[in-house]
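Written below as structure tokens is the structure these notes are about.
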Amino acid sequence: MDSIKSSLLIVGLLLSYGITMSSGLSTISRRRYLQWQTGGCIATASTTALSNPSVAQAANLKSRTEGYDVQHTEREWAYILSGAQYNILRKGGTERQKSSILNTYTTENVGSYVCAGCNTPLFTSADKFSSGTGWPSFSTALQGVEEEELDPIRATLDGKEVRCATCGGHLGDLFNDGWIYRGTSAAKTGKRYCIDGAALIFKPEDGGEDVFGDLPPPNRVIKYEQSMYRGA
Ligand SMILES: [Zn+2]
Numbered sequence: 001m002d003s004i005k006s007s008l009l010i011v012g013l014l015l016s017y018g019i020t021m022s023s024g025l026s027t028i029s030r031r032r033y034l035q036w037q038t039g040g041c042i043a044t045a046s047t048t049a050l051s052n053p054s055v056a057q058a059a060n061l062k063s064r065t066e067g068y069d070v071q072h073t074e075r076e077w078a079y080i081l082s083g084a085q086y087n088i089l090r091k092g093g094t095e096r097q098k099s100s101i102l103n104t105y106t107t108e109n110v111g112s113y114v115c116a117g118c119n120t121p122l123f124t125s126a127d128k129f130s131s132g133t134g135w136p137s138f139s140t141a142l143q144g145v146e147e148e149e150l151d152p153i154r155a156t157l158d159g160k161e162v163r164c165a166t167c168g169g170h171l172g173d174l175f176n177d178g179w180i181y182r183g184t185s186a187a188k189t190g191k192r193y194c195i196d197g198a199a200l201i202f203k204p205e206d207g208g209e210d211v212f213g214d215l216p217p218p219n220r221v222i223k224y225e226q227s228m229y230r231g232a
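With UniProt numbering applied, the sequence shown corresponds to residues 1 to 232, in that order.
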């Protein structure tokens, strides 16, 4: 009898573990890559999070409107921002891979990356690295970037949401897998800020014209895809 009980207990534990794991995986952003550089294999996580925004939206319940220095009504934001900027910054959307011109920018494009919603400096070109994910990636952030408060386990599994600390705009996610990007600045910090290019504006250090991240890469016209990932 005891052996049956213990067997049932084990089965129960396995089942609950499986449910926990599957619900955890369902919240993983499509940006989360497991990259095995030795094998050269790149596997993307399930995209089910995008088809189930109610799960993902529960990830960060902090208001995007209260407690930030720069505030506008939704109507004003919709007027100020382009459709792509609004969907990401205010609605927590995610742009398609390789859809931003800033994904093609490297550390040789010297300058800073500011928030498309409020002009706050968020990242610098010195911390940009090529992640191969299709989204602009940085190994560290300036003080203008706010990280979601999450326990270390969930932060590692799902990534943390990162926002503009001045206007609350959604920027992307922070993952603790920088170590796999050998030879880059991310390998040193262990961090990968995976950012939607449309949330940013690049300001060249030489005083050249601003480059808006909601533009597609040169010679490529990519229809912007609406998606919901994080809550408004
Ligand atoms: Zn901002």
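From the three backbone atoms N, C-alpha and C, an ideal C-beta is built for every residue, glycine too.
| Item | Value |
| --- | --- |
| At least 3 beta-carbon pairs within less than 8 Å: the stretch 174-190 vs the stretch 153-161 | yes |
| Inter-stretch contact at 8 Å, needing at least 3 Cβ pairs: the stretch 123-141 / the stretch 95-112 | yes |
| Local Cβ density within 10 Å of Q143, reported as buried at 16 or more and exposed below that | exposed |
| Ordered list of beta strand (DSSP E) runs contained in the UniProt domain "MsrB" (74-205), each at least 3 residues | 111-115, 121-124, 145-147, 160-164, 170-175, 192-195 and 200-204 |
| V70 - DSSP class collapsed to helix/strand/coil | coil |
| Residue nearest to V145 in terms of C-alpha spacing, selected from A155, V114, I153 and P152 | V114 |
| Among A199, L215, P218 and P216, nearest to P121 - alpha-carbon criterion | A199 |
| R90 classed as buried or exposed, judged by whether at least 16 other C-beta atoms fall within 10 angstroms | buried |
| heavy atom of ligand 1 below 6 Å from G67 C-beta | no |
| Residue burial classification, R182 (beta-carbon count within 10 angstroms, cutoff 16) | exposed |
| Contacting residues, own chain, Cβ-Cβ under 7 Å from L150 (five flanking each side not counted) | K160 |
| Inter-residue Cα distance where the pair is G24 and T189 | With a pLDDT of 36 at G24, under the threshold of 50, the modelled position of this residue cannot be trusted; read the value that follows with caution. Looking at the two C-alpha atoms, the distance is approximately 25 Å. |
| Rounded straight-line distance, which links the Cα of I201 to that of residue 266 | No information on residue 266 is available, as it lies outside the stretch 1 to 232 that the chain covers here. |
| Of the residues P152, E209 and L102, the one placed nearest G197, counting alpha carbons only | L102 |
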